[in-house]
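Letter by letter, the sequence shown follows residues 6 to 259 in this note's numbering.
The structure appears right after this line, and notes come after that.
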Amino acid sequence: MDIIDKHYGGVVVLQLNRPKNLNALNTNIMHDIVSIMSKYDKEPEVGCFVITGNEKAFAAGADIKEMVDKSYLEMLDEDFFAGWEQFVNIKTPKIAAVSGYALGGGCELAMMCDMVFAAENAKFGQPEIKLGVIPGIGGSQRLTKLIGRVKAMDMILTGKFIDAKEAKQAGLVSRIFPVETLLEETIKVAKIISNYSKPTTQKAKEVVNRAEEIGLKEGVLFERSMFHSLFATQDQKEGMKAFIEKRDPDFKGF
Ligand code: CO8
Numbered sequence: 006m007d008i009i010d011k012h013y014g015g016v017v018v019l020q021l022n023r024p025k026n027l028n029a030l031n032t033n034i035m036h037d038i039v040s041i042m043s044k045y046d047k048e049p050e051v052g053c054f055v056i057t058g059n060e061k062a063f064a065a066g067a068d069i070k071e072m073v074d075k076s077y078l079e080m081l082d083e084d085f086f087a088g089w090e091q092f093v094n095i096k097t098p099k100i101a102a103v104s105g106y107a108l109g110g111g112c113e114l115a116m117m118c119d120m121v122f123a124a125e126n127a128k129f130g131q132p133e134i135k136l137g138v139i140p141g142i143g144g145s146q147r148l149t150k151l152i153g154r155v156k157a158m159d160m161i162l163t164g165k166f167i168d169a170k171e172a173k174q175a176g177l178v179s180r181i182f183p184v185e186t187l188l189e190e191t192i193k194v195a196k197i198i199s200n201y202s203k204p205t206t207q208k209a210k211e212v213v214n215r216a217e218e219i220g221l222k223e224g225v226l227f228e229r230s231m232f233h234s235l236f237a238t239q240d241q242k243e244g245m246k247a248f249i250e251k252r253d254p255d256f257k258g259f
């Protein structure tokens, strides 16, 4: 099994499991992860995903051995790796728990998640330049938006790695944990998210993500219409009533 999925209450942890290849991402992994997540995405009781690897590698990139002999026409015909768009489109929030290498497609996979938590030993990089290629799963765009043009250009043109501290300072990572507790701490945060109303967490990530794509005026209008739409849910009534009645809310996911 190249992907291991485990449940922790409303949290589904997906572990990349190709340790001999440092979790290099191949077409099978892409199809597997997308099909597993698409199934859970529709389940009301699943409120958050955690994507992780092992201590040495989150993922050391797209699988170079799978790509090496492909022709230009094959890449074009297969629309190689376009399937990762479905990963981006998963509505349930997803957190990357990165230990060790997150390189090339691995760094891009982390950036396709809604949050990135890192272990102290994490190393991020877009070293495709060393292979005679460039980032191909959105890395040039997402990295530039996250950490700015100058730092992204430095990483992409030189192929240098940055560690967890630098990644946090740069805005790629939001929290750092010791290697031993990374997964446990990430699951704790994922549980907090999964206990909230699912329609609300989905809208919350949608409005934040939209900020990267549209201008402020349009974004504020979009946010307002999403805010209004949540008044169609029972969870909004429950959340506000619970506050007034000084008790914990019991969200139902609709
Ligand atoms: N693909 C395939 N196999 C890999 C990969 C990879 N990305 N990374 C590591 N491996 C394999 C190695 O070949 C090796 O296998 P074997 O035992 O059969 O020789 C095994 O994993 C262990 O690796 P190393 O012996 O190299 O381990 P080290 O600890 O010495 O080094 C490194 C670790 C520094 C992470 C090193 O493995 C490395 O540099 N890996 C490649 C990193 C890289 O260049 N990543 C970018 C790949 S390209 C990419 O991601 C493009 C994405 C866009 C595609 C979009 C298409 C449209």
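Using N, Cα and C, we set each Cβ at its ideal position, and we do this for glycine too.
Asked: Residue from A127, Y77, K173, S76 whose Cα sits closest to the Cα of D61; Found: In the sequence on display, residue 61 carries Lys and not Asp. Closest by alpha carbon: A127.
Asked: E90 Cβ short of 8 Å to the ligand CO8 heavy atom set; Found: no
Asked: Residues sharing a beta bridge with L21, DSSP; Found: I8
Asked: Any non-hydrogen atom of the ligand CO8 closer than 8 Å to M116 Cβ; Found: no
Asked: Closer than 8 Å: Y106 CB and nearest the ligand CO8 heavy atom; Found: yes
Asked: CB contact flag (D7, D37, <9 Å); Found: yes
Asked: K165 CB to nearest heavy atom of the ligand CO8 below 8 Å; Found: no
Asked: Burial state of Y77 (16 or more Cβ within 10 Å); Found: exposed
Asked: Contact under 9 Å by Cβ, S207 with P98; Found: According to the sequence displayed, residue 207 carries Gln and not Ser. Their beta carbons are under 9 Å apart, which means Q207 touches P98 by this criterion.
Asked: Runs of alpha helix (DSSP H) wholly within the stretch 51 to 97 (minimum 4 residues, chain order); Found: 69 to 72, 77 to 83, 89 to 93
Asked: Beta-bridge pairing of L30 - partner residues as DSSP gives them; Found: A67
Asked: Exposure label - Q131; buried when at least 16 CB within 10 Å; Found: buried
Asked: Unbroken beta strand (DSSP E) run spanning I100, endpoints; Found: 99 to 103
Asked: Check whether I167 and E133 have beta carbons under 9 Å apart; Found: no
Asked: Neighbour-count burial assignment, S202, 16 or more Cβ in a 10 Å radius; Found: buried
Asked: Alpha-carbon spacing of Y45 relative to V184, whole angstroms; Found: 27 Å
Asked: Proximity test, L136 beta-carbon vs the ligand CO8 heavy atom, cut-off 8 Å; Found: yes
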